[in-house]
Amino acid sequence: MYPLFAYPHVLIRQYGDSVIYRWTDISMEYEPVNKTGAEILELCDGAKSVEQIAEVMSARYGEDFHRAKLLIDDFINACISRGYVIIPPHNEDVPKKGKIFGEFDRVTPMAMTFELTRKCPLACKHCYISAGSNLENEMNFEEVTVVLDKLKELGISKLFLTGGEPAARPDFIQILEKVSHDFVAAVVATSGYLFSPELVRELKNYKNIAWQVSVDGMGTTHNLIRGKSDAFQRADYALKSIIDKGMPAIISFTLNPINRKEMEEVVLYGKEIGAVQVLIGRTLKLGRAVKQNLGLTPGEFEELDQEIRRLKEKHQTNRFFIGKNEETVLAEKAKEQKNCGAGYIMANILPNGDVTPCTSFHFKMGNLLHDSVDCIFASKAALALKDLASPTQELCGDCQLYYECDGCHGLAYNLKV
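For what it's worth, the working numbering labels the leading residue of the sequence shown as 453, then goes sequentially.
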């Protein structure tokens, strides 16, 4: 038996538990695996037998061969049942091996959010970074290229390109070309407001780039939240143009008290025009949302779980997915594991190259334009973030601010005490 760690799975070697993941059309799925398990998967190359793998591992750890083989058999069988490992048929070409990245002495996020600019033509009531004008020290194209090259070196497979409004950059198409060429997949988060016939003509059918357009209500509701009377009209144009070009279109619906009653209407709109997903997220108590009193805590958002499940059961199909956005899914995983993964499952890059654990956790880990990958991701701060337990009532005791952060390191860090 010659086991193979199989494509499209990816193994990210990390400090502490490593991670096995795969990107699907609708989500990212991942599972932690300890260092020994990661080392076994590295050896599952389709050329080594289980006996040979057991010989390597027993010698490495000074373990009895027969005991090592029993443990490795159990582990490989568990991986086969999950689809991570296959046994290629004899006398046939060996299938493609899954990719392996990372080092055991640092963290390597599965994906990165890259905030390309703070510039935005809108002034959304719920914007967590109060986007509008450029930052003074935003990177130019050559500097963005330096950062992208370092992300590729690190082993990042997927990027989320955000803003502000990414399309507000004059070099937007150049950035797309490089991202499409260098990374497995990317998602561009946009309001669609700057999509013009000229821009649409420049968009190629990038098979590995999806487009996530914000729709926060129908017509006047969306316009009210976004601060422009034609915001919905332009978002609608962007979505239909993307779909017409055969590219995957995702609708992002950011839930708040203003648009809560229009969630199903937005879902139906997305299904009708041919979007592949509607992703629902919560408005964070950050940026403009604080003054507008629009922020929802994770607890308040959880109350809508039943409604989201109802929409899934009623409207979801094999070609149309309804669910929560990536940030919400990761936040919910904090209940199952030590924390949400900020800084090591996903991390964030600001327009000046600064790296933060996530979009809402404004702790500077380093700067990818000036610092090496190891300086940031093998630092004491990065390793500490992986071990840092999320705020819980047991941990925080009678802290009066507990319900303000509600289990989120980012919101806790940003609170002004």
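We put the beta carbon where it would ideally sit given N, CA and C, even for glycine.
The structure displayed is predicted, hence computed values, not measured ones.
Y473 has its alpha-carbon roughly 22 Å from the corresponding atom of Y454. The straight-line gap separating the alpha-carbon atoms of L676 and P649 is approximately 25 Å.
If you draw a straight line from the Cα of A841 to the Cα of K692, it comes to about 43 Å. Taking C-beta atoms as the reference points, L820 and V599 count as a pair closer than 9 Å.
With a beta-carbon spacing of about 20 Å, L853 and L837 fall beyond the 8 Å limit used to define contacts. Beta-bridge analysis with DSSP links M798 to A563 and A794. DSSP places K764 inside the alpha helix (DSSP H), whose first and last residues are D757 to H767.
P843 sits buried, since 16 or more C-beta atoms from the chains shown fall within 10 Å of its C-beta. Taken through DSSP and simplified to helix, strand or coil, F593 comes out as helix. Excluding residues up to 5 positions away in sequence, nothing lies with its Cβ nearer than 6 Å to the Cβ of A511 in the same chain.
Just so you know, the alpha carbons of A620 and V718 end up roughly 26 Å apart.
Relative to the Cα of V559, the nearest Cα in the group L613, E494, Y467 and L495 belongs to Y467. Nearest neighbour of I581 by Cα position, chosen from T488, Y645 and E617, turns out to be E617. DSSP places R734 in the strand class (E or B) of the three-state scheme. Contact between V730 and I703 holds, since their C-beta atoms are separated by about 5 Å, short of 8 Å.
Inter-residue distance for I725 and A701 is about 10 Å (C-alpha atoms, whole angstroms). Here the C-alpha atom of I464 lies approximately 11 Å from the C-alpha atom of N486.
Runs of beta strand (DSSP E) with 3 or more residues, each lying fully within the segment 571–627, are found at 610–614, listed in chain order. Beta-bridge annotation (DSSP): R740 is not paired with any residue.
Inter-residue distance for K723 and F772 is about 7 Å (C-alpha atoms, whole angstroms). Proximity to L495 across E716, K549 and D688 peaks at K549, based on C-alpha coordinates.
By the criterion of a C-beta distance shorter than 6 Å, A864 is surrounded in its chain by P843 and C857, once the five residues flanking it on both sides are discounted.
In the structure shown, C810 adopts extended strand secondary structure according to DSSP, grouped into three states. Looking only at V825, D850 and I801, the smallest Cα-Cα distance to R570 is reached by I801. With respect to I608, F647 sits apart: the two C-beta atoms are not nearer than 9 Å.
By alpha-carbon distance to V667, the top candidate from P541, F829, F705 and G554 is F705. F517 and Q504 have their C-alpha atoms roughly 10 Å apart. D497 is bridged by DSSP to L456. If you ignore the 5 residues before and after A530, its C-beta comes within less than 8 Å of no other C-beta in its own chain. Taking the Cα of H767 as reference, the smallest distance to any Cα among L720, P561, C576 and K500 is reached at L720. A Cβ-Cβ distance of about 5 Å is found for the pair L736 and S812, placing them in contact under the 8 Å criterion. For the set D823, K790 and N804, the Cα lying nearest the Cα of H861 is the one of K790.
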